[in-house]
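Residue numbers (the working numbering): 50 to 321.
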């Protein structure tokens with residue numbers, strides 16, 4: 050049973066298989082484990098339905114009304130929890146990298162990754178279409194949840210906009226790629242986005258192979274309250290309204306910004 054003013058968040062760290070059916074079976078096992086543990090919000094990694102390192106994800110793309118999403122949605126019927134999962138969504142010649150939120154058999158929210166990983170000699174935009182958001186929140190038992198995906202975390206404007214729109218928790222499914230200092234980058238961004246917006250942040254990560262793991266839940270004061278290293282598993286953390294209130298009273302950051310000194314924001318010249 051959920052304690053008043055709190056939410057039990059679960060994050061899954063796993064390595065997706067090339068077979069979407071096997072990935073769904075893995076997710077259903079974690080869903081059952083989370084249900085038993087009393088989790089209110091369960092977050093799976095980015096593109097958990099398929100292998101993100103597959104050179105072309107288009108053949109694995111599915112409609113949000115069929116396949117993996119339909120199977121996971123059906124498994125939530127009658128359960129008192131919400132699930133967030135990353136999938137590859139059919140779209141023209143390049144699919145979207147999409148997050149879905151599912152509850153009691155229905156899709157309650159959807160987010161298409163905006164910032165694609167065109168960095169460090171990789172080009173996600175070669176095989177994935179840039180998304181359009183939406184940048185919005187949805188409620189889970191009195192807490193407002195906003196969604197971002199992996200590389201999005203490097204762009205503070207997105208998390209700030211979600212905070213402005215009422216987010217208490219940022220859910221950040223990811224498939225963070227290994228590389229020089231990349232583990233430090235991930236940890237730093239998780240702490241910074243939570244701290245500068247006085248929100249909780251839950252990052253659920255792919256692991257194994259070229260992925261770093263390091264699934265983390267961070268409090269509004271920037272402290273990591275739960276974390277996994279590189280092994281697969283489920284980690285939980287109870288987030289609380291009292292901690293949010295205390296952080297926001299101590300540092301009322303959203304109220305104190307000086308818009309007169311804000312920089313002019315213009316689109317990147319290569320933006321799609």
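Where a beta carbon is used, it is the ideal one built from N, C-alpha and C, also for glycine.
Quiz item: Span of the alpha helix (DSSP H) holding residue 305?
Solution: By one-based count along the chain shown, residue 305 stands at place 256. It spans 302-305 - the alpha helix (DSSP H) in which residue 305 sits, taken as one unbroken run.
Exercise. Rank 173, 161, 174 and 203 by C-alpha distance to the C-alpha of residue 185 and give the top, closest one.
Key: By one-based count along the chain shown, residue 185 stands at place 136. Of 173, 161, 174 and 203, the residue nearest in Cα terms is 161.
Self-check item: Among 241, 68, 293 and 267, nearest to residue 108 - alpha-carbon criterion
Solution: For the purposes of this step, residue 108 is taken as residue 59 along the chain shown, with counting starting at 1. Considering only alpha carbons, the answer is 68.
Quiz item: If we ignore side chains and look at the alpha-carbon of each, how far apart do residue 260 and residue 240 end up?
Solution: As a position in the chain shown, residue 260 is number 211, starting the count at 1. As a position in the chain shown, residue 240 is number 191, starting the count at 1. Each residue's alpha carbon lies about 19 Å from the other.
Quiz prompt | Same chain, Cβ closer than 8 Å to residue 180, five either side skipped, listed in chain order | solution = Position 131 of the chain shown, counting from 1, holds the residue named residue 180. Answer for residue 180: 145, 146, 147, 160, 161, 162 and 163, listed in chain order.
Quiz prompt | Cβ distance (whole Å) where residue 292 is taken to contact residue 267 below 8 Å | solution = The residue labelled residue 292 in the question sits at position 243 within the chain shown. The residue labelled residue 267 in the question sits at position 218 within the chain shown. Contact doesn't hold; Cβ gap of about 11 Å is too wide.
Quiz prompt | Range covered by the beta strand (DSSP E) that runs through residue 60 | solution = Stepping through the chain shown from its first residue, residue 60 is reached at position 11. For residue 60, the enclosing beta strand (DSSP E) covers residues 55-62.
Exercise. Would you kindly check if the distance between the Cβ of residue 190 and the Cβ of residue 36 is under 8 Å?
Key: No answer is possible for residue 36: the residues shown for the chain start at 50 and end at 321.
Quiz item: Quick one: what's got a C-beta closer than 6 Å to residue 65's C-beta in the same chain, skipping five residues either side?
Solution: Stepping through the chain shown from its first residue, residue 65 is reached at position 16. Its chain contains 72, 97 and 100 as the residues whose beta carbon lies nearer than 6 Å to that of residue 65, once the 5 sequence neighbours on both sides are disregarded; these appear in chain order.
Practice problem: Under 8 Å by Cβ, that's how I've got residue 126 and residue 153 pegged, so tell me the actual separation to the nearest angstrom. | Solution: Position 77 of the chain shown, counted from the start, is the residue given in the question as residue 126. Position 104 of the chain shown, counted from the start, is the residue given in the question as residue 153. About 6 Å separates the Cβ atoms of residue 126 and residue 153, confirming a contact at the 8 Å cut-off.
Practice problem: Flag this pair as touching only if the region 300-307 and the region 77-95 have three or more C-beta atom pairs under 8 Å; answer yes or no. | Solution: Fewer than three Cβ pairs drawn from the region 300-307 and the region 77-95 lie within less than 8 Å of each other, which leaves the two stretches out of contact.
Quiz prompt | Closest Cα partner of residue 182 within the set 172, 173, 192 and 197 | solution = Start at 1 with the first residue of the chain shown, and residue 182 comes out as number 133. Closest by C-alpha distance to residue 182, out of 172, 173, 192 and 197, is 197.
Quiz prompt | 8 Å Cβ cutoff met for residue 255 and residue 95 | solution = In the chain shown, residue 255 corresponds to position 206, counting from 1. In the chain shown, residue 95 corresponds to position 46, counting from 1. Cβ distance < 8 Å, so residue 255 and residue 95 count as in contact.
Practice problem: Helix, strand or coil for residue 252, going by three-state DSSP, please let me know. | Solution: Here residue 252 refers to the residue found at position 203 of the chain shown. Note: residue 252 maps to strand in three-state DSSP.
Self-check item: DSSP three-state assignment for residue 191, whether helix, strand or coil
Solution: Indexing the chain shown from 1 puts residue 191 at position 142. Residue 191 carries a coil assignment under DSSP once its states are collapsed to helix, strand and coil.
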